[in-house]
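Quick notes on the structure that follows.
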Amino acid sequence: MTKGEIAQTKEAYVGEYASGKSEVAINRALWLFETGIRPVILVDLDLVEPFYTLRPLKKELEARGIKVLAWETLNTIGLGETGNLLQPVVRWALRREGAVVIDVGYGVAGIEKLRLLERPAFERESLKIYVVINIARPMTGDVEAVVDYVRALGAVHGLINNSHWGDDTEPAIIHEGAQVVTKAAKILGLPVIWTTVDQKWQKEIGSYDVCGNPVFFLKRYMPRAFW
Amino acid sequence: MSMPAVELEAKTQRKQAKPIEGVKKVFMTGNESVAWAALAAGAEIMYGYPITPQNEIMHYWTRLAPRYGKQFLQTEDEISAGFTTCGGVLAGKRAFTATAGPGNILMQESMSMAEMLRLPTVVIVQQRGGPSTATVIYSQQETTLTCFGGNGEGLRIVYSSSSHQDLFDYTIKAFNTAWKYRFPTFVLGDGYQAKMRESLHIYDPAAKGIKMEKTVPFVGQEGMPGVDRAPAHLRNTFNTEEELLEVITGYVAEYQKIAPEIIEYEVIETADAEIVLVAHGIVARAAWAAVRALRNKGVRAGFFRPITLRPFPAEQLRKAARTAKKLLVAESAQGQLLKLVQEALYGETVPIATYLMPGQGITAEELSDYVMELRSNKTNREGGSR
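Chains P and G supply the protein sequences, listed in that same order.
Just add 5 to wherever you are in the first sequence, counting from 1, and you've got my numbering.
Just add 17 to wherever you are in the second sequence, counting from 1, and you've got my numbering.
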């Protein structure tokens, strides 16, 4: 990608509930910002539980320069299961100039919500949809399950191996994840975009995973989020 | 479109396979952990009506159930979800439901019937804020409701979970306790545990030597009642006070007799403790972390966690309280665990300090700071309360 193309990045992160979509999306947005791209827009597209994911981090991320499109409590009526409105500004997010990173929350219904967004004209459409996979989640626990899961999503552009056991992570699960996701990607004819890894494993894992996919290191923000 | 034979065979094989082979380390939410535990326990049907924060128990059950030939019925409300769970059990199915807050209130009528008919129903409760709709997030305000919510004597068994591993272990155990003793059994979690993500080991009960209790139909059994078998005479209504008294007295006696087999608790470092922190559920995790931090500072703190809230480990708590100079009861409610503690300790003289935060989470740091505050305030003879 040329620098100009990166500046117009449009990416959506989808995946199984609790697969790590928000963490990957936040880190990607911050990385784009650090490369000098302006503006970088992070979009919370969680219609089921829009108040508990990025919201608590909104101020912190905005203080660092990221534009965050997410509901604020004071602007809403009802919380939790009643708060299923698409924020009007989110509807037009893909038509904005700059880098747009969409966290497509709540994986069970997940990807269908992308249809609610206004898309740019066909020739300008550049949205890439990446599927975040943690093989420690039994729903995407082996090659067959990952393939079934990704096929059910429809057209996507790549897979991300985000396999971990939370605070109890060991390199073994990261390696196994790389192997499972790489095999599944081959069957699906998709690239593995990254293996994403908590930055505390930088030494052990290195720049490429056991299958040769690039590693993108994550700083953990989500432990401070609500759910 | 017909399914190719090979694919059909693959699907059928998957349906017959065990949901979990052996033991597997996984990373998931508490709600998922419950759905997998119910599958592993051989639950055959879930009846349910959606309510936050338990929704993903249903979501995952409905995604998983068809793969393993299990069933799901979404009912029109929680009144129906409770009664259909009773119906499933009457038909001999290992049946369960899950709910929270206002839904838990609506299930009290059916669970009272389960007490009266001695039906081994299993209910998972992920507590949210109360009263009424309150918050969809978290509390420990359904302690009294879950233990004593019916119009009867609270003849139920209530396990309070502290972690995803607990949710998995005690959901499996709840089915066995219910079917062994025939009292309605509850697993009491909360919205934090429901949505939080952490690692745990999921397993096939057989891999851990756990044998699932056999299920039997309560109605429609083979043979002539009174000749080939005892009649299935299930009653939740009686003609006279004396008749009811006799039945309830029998149930209460049976409940008291089995209570020692069911009671579970955790007690750590209370022998030399100047203060014992008493907490259940997820707050017990904060309390335990506070005790470790206090011990590191040289404060002799101890820990008591009732795992069964009903029956309550009263004797065990009395024993721990007798050597302590003070108790500190911490909970995300305005004194619901406290009532159970006070009842258990009636007649004891140990002062009870409280840390009561209805509907709000409690951290280890808050508790250890509060203990330090209590220690410095020597004039506070009643024990202190917040």
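Ideal Cβ positions, reconstructed from N, Cα and C, are used throughout, including at glycine.
Around the beta-carbon of P:ASP173, fewer than 16 other beta-carbon atoms lie within 10 Å, marking it exposed. Within the region 76-93 of chain G, the residues whose Cβ lies closer than 9 Å to some Cβ of chain P are HIS76, TYR77, ARG80, LEU81, listed in chain order. Between G:GLU281 and G:TYR198, the gap from beta carbon to beta carbon reaches 9 Å or more. Residue P:VAL105 holds the alpha-carbon nearest to the alpha-carbon of P:VAL73 among P:LEU52, P:ILE42, P:VAL105.
Bridge pairing for G:THR325: G:TYR176 [DSSP]. Assignment of beta strand (DSSP E) within the region 62-134 of chain G, counting only whole runs of 3 or more residues, yields 62-65, 88-91, 112-116 in chain order. Shown here for G:LYS342: same chain residues with a beta carbon closer than 7 Å to its own, the five before and five after excluded, namely GLU291, ILE292 in chain order. Closer than 9 Å to the CB of G:ARG302 there is not a single CB belonging to chain P. For G:ASP386, the enclosing alpha helix (DSSP H) covers residues 381-393. Close to G:THR116, with beta-carbon spacing below 8 Å, lies no residue of chain P; the smallest spacing is near 14 Å.
If one requires a minimum length of 4 residues, the alpha helix (DSSP H) runs lying completely within the region 255-302 of chain G are 258-279, in chain order.
Contact check for G:PHE185 against G:ALA54 passes: the beta carbons are separated by less than 9 Å. Taking C-beta separations shorter than 6 Å and ignoring five residues to either side along the sequence, the partners of P:VAL155 in its chain run VAL136, LEU193, following chain order. Looking at P:THR187, P:LEU52, P:LYS133, the one whose alpha-carbon comes closest to that of P:LEU121 is P:LEU52. Counting only the Cα atoms, G:CYS103 lies some 24 Å from G:GLY243. Just measuring C-alpha positions, the residue of P:ARG100, P:VAL151, P:VAL197, P:ASP108 sitting nearest P:GLU130 is P:ARG100.
Cα atoms of G:PHE165 and P:GLN13: separation of roughly 59 Å, rounded to the nearest angstrom.
Between G:GLU73 and chain P, the shortest Cβ-Cβ separation is below 9 Å. Take P:PRO143, set aside five residues on each side of it, and the residues of its chain with a beta-carbon closer than 8 Å to its own are ALA150, in chain order.
Residue burial annotation: G:ASN72 is buried, with at least 16 other C-beta atoms found within 10 angstroms of its C-beta. Restricting attention to P:GLY211, P:GLU175, P:SER27, the CA atom closest to the CA of P:ALA75 is found in P:SER27. Classified as exposed, G:PRO248 has fewer than 16 neighbouring CB atoms from the shown chains inside 10 Å of its CB. The Cβ atoms of G:SER180 and G:ILE299 sit closer than 9 Å to each other.
Nearest to G:PHE235 by alpha-carbon distance, out of G:GLN91, G:HIS297, G:GLY109, G:ILE122, is G:GLY109. If you draw a straight line from the Cα of G:GLY169 to the Cα of G:ILE265, it is about 9 Å long. By alpha-carbon distance to G:VAL106, the top candidate from G:LEU373, G:ALA60, G:GLU259 is G:ALA60.
Annotated three-state conformation of P:GLN204 is helix, per DSSP.
According to the DSSP assignment, G:GLN143 belongs to the beta strand (DSSP E) that extends over 139-144. DSSP, reduced to helix, strand and coil, places G:LEU311 within a helical segment of the structure shown. G:THR194 and P:ASP49 have their alpha carbons spaced roughly 43 Å apart. Under a criterion of Cβ atoms nearer than 8 Å, no residue of chain G is adjacent to P:HIS180; the nearest Cβ is some 14 Å distant. Remark: C-beta atoms of G:VAL295 and G:LEU344 approach each other more closely than 9 Å.
Between G:ALA276 and G:PRO222, the gap from beta carbon to beta carbon reaches 9 Å or more. Take the alpha-carbon of G:GLY120 and the one of G:THR150: they are about 10 Å apart. The three-state secondary structure of G:HIS218, taken from DSSP, is strand. For G:GLN351, the closest alpha carbon among the candidates G:PHE100, G:ALA112, G:PHE203, G:GLY147 is that of G:GLY147.
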